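Visitor: Dropping a structure here in structure tokens format, bear with me for questions.
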Amino acid sequence: MNEQTLLELADDELILGWRESEWTGIAPMLEEDVAFSSIAQNEIGHARAAYQLLVGEDGDADALAFDRKLEEYRCAPLVELRLMDWAHTIARRWLYETADEIRIAALKDDPDAGGLAAKIDREEAYHRMHAEMWNTRLKDEPRYRKAVADLWPYALGLLSPELRPTLIARVGLPEVDAIERGSHTGELAELWDEMTMVRRSAPAGSQW
Amino acid sequence: MSENVFEVFRQERRGQPFEHAGSVVAPDADFAEAWAREQYGRRGESVALWLVPREAIRDVEDWADEFDLKYRRVDGYSIKARLKEARERADTARAG
Chain R
21 MNEQTLLELA
31 DDELILGWRE
41 SEWTGIAPML
51 EEDVAFSSIA
61 QNEIGHARAA
71 YQLLVGEDGD
81 ADALAFDRKL
91 EEYRCAPLVE
101 LRLMDWAHTI
111 ARRWLYETAD
121 EIRIAALKDD
131 PDAGGLAAKI
141 DREEAYHRMH
151 AEMWNTRLKD
161 EPRYRKAVAD
171 LWPYALGLLS
181 PELRPTLIAR
191 VGLPEVDAIE
201 RGSHTGELAE
211 LWDEMTMVRR
221 SAPAGSQW
Chain B
119 MSENVFEVFR
129 QERRGQPFEH
139 AGSVVAPDAD
149 FAEAWAREQY
159 GRRGESVALW
169 LVPREAIRDV
179 EDWADEFDLK
189 YRRVDGYSIK
199 ARLKEARERA
209 DTARAG
């Protein structure tokens with residue numbers, strides 16, 4: 021199994037799920053608020069399943085999710101960006117789902133992660149439906165187009181180089197230098213602090 | 119976005135009737151579907167949904183009842199008295 025790829029996927033889903041949960045209660049429409057929060061929760065569920073696969077059946081998925089140092093997280097800068105406007109939020113959602121589909125498809129033949137990939141993909145199908153619906157509706161709006169263009173170099177950074185031509189063909193934007201994984205935006209430090217605070221403050225040996 | 123109301127009906131188990139669950143306000147049927155899936159299906163509480171634009175619903179709520187037609191209605195009969203009579207007849211028949 022390609023553990024690195026799976027860890028990248030898990031970290032992306034965890035951080036994106038966290039970021040998108042920040043819209044709960046303040047999304048522009050009540051119905052979208054419910055849908056968006058539900059999708060965010062699903063992403064965290066995918067992260068959980070991927071962490072569990074990485075640590076093994078009896079392993080501690082929470083420890084992998086929350087007990088690492090900031091620089092050990094492998095998420096892409098795209099998912100770290102915080103409280104953007106709605107145009108950028110939807111642009112990220114659409115770019116993320118489009119890229120995610122390509123990477124999950126590439127994982128489907130993996131003897132260890134293939135089953136999980138297929139399971140995740142069945143749920144992502146609805147996320148894609150949601151994202152496509154928004155993209156179709158907003159694609160001619162200048163603000164949305166600018167948001168997609170702004171995030172495009174970040175979106176390319178989600179995928180390993182050999183998968184990028186597929187994303188370029190699907191999105192229809194020119195190839196540019198990707199904003200790669202490996203370094204983090206300043207916004208992740210703040211999130212890491214919040215996300216790991218409870219576990220860091222608990223006395224050693226605490227049971228959850 | 120212009121807003122339309124879609125009434126949502128959900129079916130809890132295959133074979134059961136669809137029941138009105140609530141509504142979603144959405145700009146079109148695709149948005150209505152995506153939002154209804156999340157609001158009325160994400161906990162596995164529905165096996166199927168129907169989405170109906172509210173303007174497709176014909177509203178009927180006025181009823182003429184100028185003449186006393188209560189004999190057509192269940193409350194037009196005094197079932198109690200008839201039941202009592204029937205029971206008594208049955209008892210008599212059994213005793214005899």
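Protein sequence lines, in the order shown, are assigned to chains R and B. Heads up, the first sequence is in the numbering used here, so the first residue is 21 and it goes up one at a time. Heads up, the second sequence is in the numbering used here, so the first residue is 119 and it goes up one at a time. Note that beta-carbon positions come from the ideal geometry of N, C-alpha and C, so glycine has one too. Computed from a predicted model, the values in this text were never measured in an experiment.
1. Please check if any C-beta of chain B sits within less than 7 Å of the C-beta of R:E51.
2. Note down the Cα distance separating R:I46 from B:I175, rounded to an integer number of angstroms.
3. Could you give the uninterrupted runs of the alpha helix (DSSP H) lying entirely in the stretch 133–219 of chain R, keeping only those of 4 residues or more?
4. If you draw a straight line from the C-alpha of B:E132 to the C-alpha of B:V165, how long is it?
5. Could you tell me which chain C residues have their CB closer than 8 Å to the CB of B:E163, listed as they occur along the chain?
6. Within 8 Å, do at least three Cβ pairs link the stretch 164–173 of chain R to the stretch 57–64 of chain R?
7. Mind checking R:P97: buried by the 16 CB within 10 Å criterion, or exposed?
8. Quick one: what does DSSP say B:P171 is sitting in, helix, strand or coil?
9. Looking at chain B, is there any beta carbon in it that lies within less than 7 Å of the beta carbon of R:A55?
10. In the DSSP assignment, find the unbroken beta strand (DSSP E) run with B:A139 in it and report its ends.
11. List, in order along the chain, the chain B residues whose C-beta lies closer than 9 Å to that of R:Y146?
12. Where does B:R191 sit, in a helix, a strand or coil, going by DSSP?
13. By DSSP's criteria, B:E125 is part of a beta bridge. Which residues make up the other side?
14. Just to make sure I have the definition right: I need the residues of chain R whose C-beta is within less than 7 Å of the C-beta of B:F185. Which are they?
15. Kindly indicate if chain B contains any beta-carbon less than 7 Å away from that of R:M153.
16. Compare the C-beta of R:S41 with all C-beta atoms of chain B and state if any pair is closer than 7 Å.
17. Can you say whether R:G134 is buried or exposed, counting buried as having 16 or more other CB atoms within 10 angstroms of its CB?
18. Out of curiosity, what's the CA-to-CA distance linking B:A211 and B:D193?
19. Less than 7 Å between the C-beta atoms of R:I124 and R:A107, yes or no?
20. Can you list the alpha helix (DSSP H) stretches of 4 or more residues lying completely in the stretch 63–88 of chain R, in chain order?
21. Residues in its own chain within less than 7 Å of B:E203 by CB, not counting five upstream and five downstream?
22. Within the 7 Å Cβ cut-off, does B:V94 reach chain R?
23. Could you give the distance in angstroms between the alpha-carbon of B:V142 and the alpha-carbon of R:G37?
24. What did DSSP end up calling R:R123 once you bin it into helix, strand or coil?
25. Considering Cα atoms alone, identify which of R:D105, R:A198 and R:D141 is closest to R:A69.
Guide: A quick look at the data gives this:
1. yes
2. Going by the C-alpha atoms only, they are around 32 Å apart.
3. The DSSP assignment places complete alpha helix (DSSP H) segments of no fewer than 4 residues inside the stretch 133–219 of chain R at 134–158, 162–176 and 184–191, in order along the chain.
4. Going by the sequence as given, residue 132 of chain B is Arg instead of Glu. Roughly 7 Å separates the two Cα atoms.
5. Of the chains in the structure shown, none is chain C; the protein chains are R and B.
6. no
7. buried
8. Residue state for B:P171 is assigned as strand, using DSSP reduced to three classes.
9. yes
10. E137 to A144
11. Within 9 Å Cβ-Cβ: A152, R155 and E156.
12. coil
13. B:S141 and B:V170
14. Neighbours of B:F185 on chain R: none; closest Cβ ~47 Å, over 7 Å.
15. yes
16. no
17. exposed
18. 29 Å
19. No Cβ-Cβ contact shorter than 7 Å links R:I124 with R:A107.
20. 81–86
21. none
22. Residue 94 of chain B lies beyond the residue range present for chain B, which begins at 119 and ends at 214; the question has no answer from this structure.
23. 24 Å
24. Residue state, collapsed to three classes: helix.
25. Across the set R:D105, R:A198 and R:D141, the C-alpha of R:D141 shows the shortest separation from the C-alpha of R:A69.
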